[in-house]
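Protein sequences appear in the order of chains A and B. Sequential numbering of the first sequence, starting at 1, is according to full-length UniProt numbering. Sequential numbering of the second sequence, starting at 1, is according to full-length UniProt numbering. Step one of this worksheet: look at the structure below.
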Amino acid sequence: MAELPVRLTVNGETVERTAEPRMTLADFLRERCGLTGTHLGCEHGACGACTLLVDGAAVRSCLMFAVQADGLDVTTVEGIAAPDGTLSRVQAAMRDCHGLQCGFCTPGFVMSITALLRDNPKPTDEEIREGLSGNFCRCTGYQGIIAAVHRAAETVEKA
Amino acid sequence: MTETATAPPTPTRYTGSRVPRVEDGRLLTGHGTFVDDIQRPGMLHACFVRSPFARALINEIDASAALALPGVRAVFTAADLNPDVHEQWYSSYGPNVPDTPRPPLAVDEVRFVGDPVALVIAENRYIAEDAIELVEVDYEPLTAIADYRDAQTSDILVHPKFPNNVAGSLAGPPPEVVEGAFASAAHIADETFYQQAYAPVPMETRGIVVEWAADNGDVTIWTATQTPHEVRAFGARLLGLEPERVRVLMRDTGGGFGQKVVPMREDMCIMLASRKVPAALKWIEDRRENLMAAGQARHEHGRARMAFAADGTILAAGIEHAQDIGAYPTPWPVGAAAAVGLLFPGPYKVPLATWSTTSVFSNTAGRHAYRGPWQFESVARELLLDIAARDLGLDPVELRRRNMLSRDELPYPNPAGMPPYDHSSPLETFELALRMLDYDAFRAEQAAARAAGRYLGVGTCTYIEPTATGQPYYACEGAVIRIDPSGQVTVIVNGGSAGNSLETTVIQLTADALGVSLDSVDTIQNDTSETPFGAGTAGSRSGSATAGAVAETASVLRAKLAELASARLGVAPQDIVVADGQASVPGTSLAMTYAQIAELAGPGGVEASAEHTAKAPMLWSNATHVCTCEVDVVTGKVTLLRYIVGEDVGPMINPNVVEGQIAGGTVQGIGGALLEHMVYDEDGNPLASTFVDYLLPTTTEVPHIEYGHMEMPAPGPGGHKGAGEGGAIGAPPAVINAVADALSPFGVKITNLPASPAALVALLTEAGH
């Protein structure tokens, strides 16, 4: 199948590659950009593992074609920590609250929580649970993840 | 209580504390290495052609159209791959069990929807998926056995060599043993419970990359596994190679929970096909395949009986159990089922017991291991106890108090044929969890709610489980510890972590055993060319096993350090104390740091290795789960209110890790009680092969989980007991009992799982609500 040019911004860098029109954004990032932090847990838009930010909006990258991201600004989990490696507040809170175990769903949660707290810096427990109900985790029982969102929100408040 | 002889020489600093995980940095920033992240030069991609029928003859396979598609490199069928199998058996069972069939690809007949029929190899995954649609398979559909409960009386045989579709039966003490007790009982509880099929469903599906080196015949395997060394041993046997020719690597595995404990048919296919293609071969399962073909668990039923004296004392117990093993179970399923019968008496004073179990084939996905594989013993026992209590007019808590074992009554014989229960605290965790709830206050709240037309319930489950078995294969765990001249310590173990934090665990243990700081210890795991043998993540063994391996290896290393320092310091080794990062002579100023000793040893530093072998037949962990809920009697929706786990896994290495294991297992159990159902229609078609149909618990369904810890040490390394599986055992009975308690005013009895809204509404309707 013929490939089309795709030009987009990924984690602040301009990226120019080609992709078949049917190639998902997730596969494009993993296979054409070497960014394997975005994980695929279901490839049908249910589990949220492949969540990333497209022009700031949390998006499931298994449901979007790479060509649809042409000209847009994409942030993946690799672009969340500071350039010197310092973890973001969300990442640090996930570590401090045992919010991850196998780590496979973790990039999707980091992205979803980052978007959630940006839009709602002081969420209630119910808002956190509602906001993350589209991300599946099979290891943690969500206990540490929910605690981490509370922790990250408190950290934001203090900062 | 017998403590291990290999306790660290200095007070522990890290063991028992909530140290942050060393795994987290890479996993939080997208720099983990899961199997799908592996890229190899010229790598090819595999995709399976799978049966759309539950049972059918394969008349012909025509791959010509697929092979004509640009980018397709090969299509293999059973005739290509299956004859290359040298030996096919799992180390934990050995080659001599009466194993069930397990061909790599289906031969002549397909036996479940999803049965792999052919393997397409292409330049990328997209083309491989296109090509499977072009492989023409001429099937002749046959009537299938969709429900194992029909299988023993069916004319249809899933496998011709197994009459009545029975793979095997096992039994404990015969029914006559309990007949007298049942005949004289004041009350008998007798119910048949049915549990639906559900599965581990790790967020990372299965996957494997195999690269065969044509020049020397070596095979390198990257895979998602709980047991790298078993993948190596199995792969070597399968391919007819010496184990040294097979190297298995895994860095991160995205959850396993039993599904990744041994290689399965698809893994065999990729290993076999790798020798027929010129580059590395990758297979990554998609979610539909995972829910359709990776396997099922939990699907079983049992007639459970208990005889009671008038005061509620249990006189005898029995269970007749049968389980669905699907078409191709992995591994041999018959032996493992014995644990259902052996553990059915549970942590109660039950003097007499009888049991039997039968493993039955059906035309569905094969049964495989899942976290607490025997948990039906707790489902059947704890649901039966609540039903019995209601019939006896006793509070279920009171009935349990009259029968439950307390710490000071141990050891206590298990009447079903297991070694005696020991070093645990069932009644103590029960009372702890009830105190945390304030049981009496909840009963008052429940009464007030009922008066207001709201239906609250409370349920409990108390179980005892064997962990860290001394069974020969699983008893073994090796370790190597090296100190470089820089002073940096490296601990090398098999690992097999699939989220269970084994890197952090062994670093904590090693830092304590040598008296050094956490950040001066690194670990290498999960590369069989570098790591000593270890049996991997299975049977809640990793904590205890790695603690033993680290303790014994550190002990050898300390002796070596003393020996080396002795020559330089001019004193006898026995006068030297090795601790806190140095070798010193008490009462003098003589001392050498580990770095100095390692430098003395040479540029490679100093290294020791040892193997731990578990000596106890098992270490008993136990817990009580207490759950409260509200049931909407119009919609059948269950809302969990409080969830409390009082548990005893002995001294915890890292409470964060233990609580994480409890929570994860508990939520899987909640899913099994209320949501998850791997359902088939009457023709054997799977109806839950996406996450739209197979319902996993999410943040909106799970309660906040409260933990109460007790620490009765076991006679194993550090006193640590296993913590990996219990949550998944305790949760389903506690949740179902809470729902049944909520609905008790309606006279509703729950004997079928899951307690889905539709099932509850049907029960309420039947009860005349």
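All C-beta atoms in this analysis are idealised placements derived from N, C-alpha and C, irrespective of residue type, glycine included. Small disclaimer: the values here were computed from a predicted structure and weren't measured.
Can you check whether the C-beta of residue i is within less than 7 angstroms of a C-beta belonging to chain B?
i             : result
Cys62/A       : no
residue 193/A : Absent from the model: residue 193/A. The displayed extent of chain A is 1 to 159, so no value can be given.
Asp78/A       : One point to set straight first is that residue 78/A is Glu, not Asp, in the sequence displayed. Interface residue, yes.
Pro107/A      : yes
Ser112/A      : no
Cys33/A       : no
Ala46/A       : yes
Thr14/A       : no
Phe104/A      : yes
Quick check on the DSSP output: the beta strand (DSSP E) that includes residue i runs from which residue to which?
i        : result
Gln525/B : 521 to 525
Leu315/B : 314 to 326
Pro5/A   : 4 to 10
Ala307/B : 300 to 308
His187/B : 187 to 195
Ser750/B : According to the sequence as given, residue 750/B is Ile; it is not Ser. No beta strand (DSSP E) contains Ile750/B, which DSSP labels as neither H nor E.
His612/B : 606 to 613
Would residue i pass as an interface residue toward chain A - the criterion being a Cβ-Cβ separation below 7 angstroms?
i        : result
Asn526/B : no
Gly32/B  : yes
Asn494/B : no
Glu204/B : yes
Phe691/B : yes
Leu27/B  : yes
Asn685/B : no
Arg642/B : no
Leu134/B : no
Gly16/B  : no
Gly660/B : yes
Ile705/B : yes
Using only alpha-carbon positions, find the residue among the options that is nearest to residue i.
i        : options                                : result
Asp267/B : Phe234/B, Val585/B, Gly366/B, Gly168/B : Phe234/B
Leu249/B : Ala316/B, Thr628/B, Arg232/B, Val606/B : Arg232/B
Pro419/B : Leu619/B, Gly716/B, Thr504/B, Asn59/B  : Leu619/B
Ser133/A : Asp119/A, Asn11/A, Phe109/A            : Phe109/A
Ser744/B : Trp374/B, Gly457/B, Gly515/B, Thr588/B : Gly457/B
Val19/B  : Glu630/B, Pro655/B, Ala688/B, Ile736/B : Pro655/B
Phe308/B : Lys349/B, Val85/B, Leu641/B, Thr639/B  : Lys349/B
Asp693/B : Asn685/B, Val702/B, Val679/B           : Val679/B
Ile121/B : Leu272/B, Leu695/B, Asp512/B, Gln196/B : Leu272/B
Pro347/B : Gly318/B, Ala197/B, Pro715/B, Leu427/B : Leu427/B
Check whether the Cβ atoms of residue i and residue j lie closer than 7 angstroms to each other.
i        : j        : result
Ala280/B : Val209/B : yes
Pro757/B : Ala673/B : no
Asp252/B : Thr29/B  : no
Tyr148/B : Leu518/B : no
Ile127/B : Gly207/B : no
Val606/B : Ile483/B : yes
Ala498/B : Met306/B : no
Gly258/B : Tyr90/B  : no
Ala148/A : Ala93/A  : yes
Glu647/B : Ala545/B : no
Leu352/B : Val178/B : yes
Ala583/B : Leu561/B : yes
Thr51/A  : Ser88/A  : no
Thr358/B : Ser169/B : yes
Ser51/B  : Asp115/B : yes
Gly41/A  : Cys47/A  : yes
Glu229/B : Asn500/B : The residue asked about is misnamed: residue 229/B is His in this sequence, not Glu. Not a contact, by the Cβ cut-off of 7 angstroms.
Ile644/B : Val626/B : yes
Determine the extent of the alpha helix (DSSP H) in which residue i is found, giving its start and end residues.
i        : result
Met271/B : 265 to 274
Ser378/B : 376 to 392
Gly669/B : 655 to 674
Tyr707/B : Taken as a continuous stretch (DSSP letters only), Tyr707/B belongs to no alpha helix (DSSP H), being part of the beta strand (DSSP E) at 705 to 710.
Asn737/B : 726 to 742
Leu557/B : 542 to 569
Looking at residue i and the ligand MG, is the gap between the Cβ and the nearest heavy atom below 6 angstroms?
i        : result
Thr639/B : Among the components modelled here there is no ligand, and therefore nothing to report on the ligand MG.
If you measure from the beta carbon of residue i to each beta carbon in chain E, is any gap under 7 angstroms?
i        : result
Asp267/B : Of the protein chains in the structure, A and B, none is chain E.
Practice task
Pick out the complete beta strand (DSSP E) segments inside the stretch 430 to 517 of chain B, 3 residues or longer, and give them in chain order.
Solution key: If we require 3 residues or more, the beta strand (DSSP E) runs fully inside the stretch 430 to 517 of chain B come out as 455 to 467, 476 to 483, 489 to 493.
Problem - Runs of alpha helix (DSSP H) lying entirely within the stretch 50 to 135 of chain B, each at least 4 residues, in chain order - result: 64 to 68, 78 to 81, 125 to 132
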